[in-house]
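Numbered by mature numbering (1 follows the signal peptide of the UniProt record, and there is no 0), the letters in the sequence shown go through residues -32 to -1, 1 to 232 in order.
Backbone N, C-alpha and C fix where the C-beta goes; we use that ideal spot for every residue, glycine too.
Being a predicted model, the structure only gives us computed values, none of them experimental.
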Amino acid sequence: MTISRRSLIRIAIASATAAFLSLAGLATPAVAQEKVTVFAAASMKNALDNANKAWSAKGGRAVAVSYAASSALAKQIESGAPADIFISADLDWMKYVADKKLVKEETRSNFLANRIVLITAKDKAAPVDIKPGLDLAGLLKGGRLAMGEPSSVPAGKYGKAALEKLGIWASVEKSVAGAESVRAALALVSRGEAPYGIVYQTDATADPGVAVVGTFQEDTHPPIIYPIAILSESRSSDAAAYLEYLKSEKAAPFFEKEGFTVLK
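Structure (structure tokens):
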């Protein structure tokens, strides 16, 4: 029988954990195997944290969430990182793991929608008319444009697509500060390290230090869809119930409050 690389990694992690607990004179707690582990796009943190608190308060088992750029999470899943559920900020990275047979296809669906916006520091906010010919380079005044890494981070990919559609990309490409995640791009603007940034509408809502000065029209970039799925090697008996909870009317307000659109 051939053992996959992912299975070997799981065995190694389990063996190391068991060895440590044995040396410490402890038994492996059964409840630890029931915890739901979620890999979620960084832009979901506020909404998902609040939804998880409500889930736990109603008797659901503990949820552990790893937040990062969807690209980084997909690569971790490919390398065998143990997780039960993946929520990507774009369809491409979900397809990436699905094509490698790493998700349970019957559980895969489009979960949320979002928008991208132009932000600046709260005390410097002035409306910007985002349209073809916008002199974004002039607005930057030699500063950097914070956004997710355009080649891999979904928010950066959407931002680049929109700027290309508007004929602006070539004028600002060399000024882009490509961040490892959309939350990292948000922080650059919030801390005053970049005069402007392109982030999700939901991220701008989550940081009181920034203000939205313009919204990119939806026809300037591919639809911003967040797909969700249970991973094929999930070991949590609660994963299916938790996924259904996230997609239910009970959880919807937590996502809508942060600016997401819940897809039915």
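Nearest by alpha-carbon distance to residue i: which of the options is it?
| i | options | result |
| --- | --- | --- |
| Val4 | Glu132, Glu217, Arg203, Ser149 | Arg203 |
| Ile98 | Thr183, Ile53, Ser216, Glu212 | Thr183 |
| Val150 | Val33, Asp175, Ala8, Ala37 | Ala37 |
| Ser11 | Ala172, Leu231, Val181 | Ala172 |
| Gly101 | Leu134, Tyr213, Phe228 | Leu134 |
| Tyr168 | Ala81, Lys215, Asp91 | Ala81 |
| Ala51 | Asp206, Val230, Glu212 | Asp206 |
| Leu59 | Ser77, Ala147, Ile53, Ile45 | Ser77 |
| Thr188 | Thr75, Trp137, Glu74 | Trp137 |
| Val6 | Ala22, Lys128, Ile53, Asn20 | Ile53 |
| Gly111 | Ser119, Ala130, Ala162, Asp103 | Ala162 |
| Lys69 | Leu104, Lys128, Leu231, Ala42 | Ala42 |
| Val140 | Ser47, Thr229, Gly106 | Gly106 |
| Ala208 | Gly127, Glu73, Gly160 | Glu73 |
I'd like to know whether the C-beta atoms of residue i and residue j end up nearer to each other than 8 angstroms.
| i | j | result |
| --- | --- | --- |
| Phe79 | Pro221 | no |
| Ala114 | Leu86 | no |
| Leu108 | Ser143 | yes |
| Val181 | Ala93 | yes |
| Glu201 | Arg83 | no |
| Ile198 | Val71 | yes |
| Ala8 | Val33 | yes |
| Ser24 | Val31 | yes |
Using C-beta distances below 7 angstroms, list every residue in its chain close to residue i, excluding the 5 sequence neighbours before and after it, in chain order.
| i | result |
| --- | --- |
| Gln1 | At Gln1 the pLDDT is 47, less than 50, meaning the model places this residue with poor confidence; the figure from the coordinates comes in the next sentence. Here the set comprises Arg203. |
Please state whether DSSP places residue i in a helix, a strand or coil.
| i | result |
| --- | --- |
| Asn82 | coil |
| Val140 | helix |
| Phe223 | helix |
| Ala(-1) | With a pLDDT of 42 at Ala(-1), under the threshold of 50, the predicted position of this residue should be treated as unreliable, though the coordinate-derived value follows. Helix. |
| Ser77 | strand |
| Gly110 | coil |
| Gly116 | strand |
| Ala145 | strand |
| Gly127 | helix |
| Ile198 | strand |
| Ala152 | helix |
| Ile45 | helix |
| Val167 | strand |
Using beta carbons (cut-off 8 angstroms, strictly below), is residue i in contact with chain B?
| i | result |
| --- | --- |
| Asp58 | Here there is only one protein chain, and chain B is not present. |
On the DSSP letters alone, give me the boundaries of the alpha helix (DSSP H) that residue i sits inside.
| i | result |
| --- | --- |
| Ala32 | Ala32 -> not in any alpha helix (DSSP H); beta strand (DSSP E) instead, spanning 31 to 36. |
| Pro190 | Looking at the DSSP string, Pro190 is not in any alpha helix (DSSP H), and its letter there is neither H nor E. |
| Ala15 | 13 to 25 |
Looking only at its chain, what residues have a beta carbon closer than 8 angstroms to the beta carbon of residue i, apart from the 5 residues adjacent to it on each side?
| i | result |
| --- | --- |
| Gly165 | Leu86, Ile87, Thr88, Leu113, Ala114, Met115, Ala153, Leu154, Leu156, Val157, Val178 |
| Glu132 | none |
| Glu217 | none |
| Ser120 | Ala37, Ser39 |
Return the chain-ordered list of same chain residues with a C-beta closer than 6 angstroms to the C-beta of residue i, the five sequence neighbours on each side being excluded.
| i | result |
| --- | --- |
| Glu226 | Asn14, Ala15, Thr170, Thr173 |
| Tyr210 | Val4 |
| Glu117 | Gly124, Gly146 |
Where do the N-terminal and C-terminal ends of the beta strand (DSSP E) with residue i fall, by residue?
| i | result |
| --- | --- |
| Val65 | Per DSSP, Val65 belongs to no beta strand (DSSP E); it is in the alpha helix (DSSP H), 59 to 67. |
| Ala179 | 178 to 183 |
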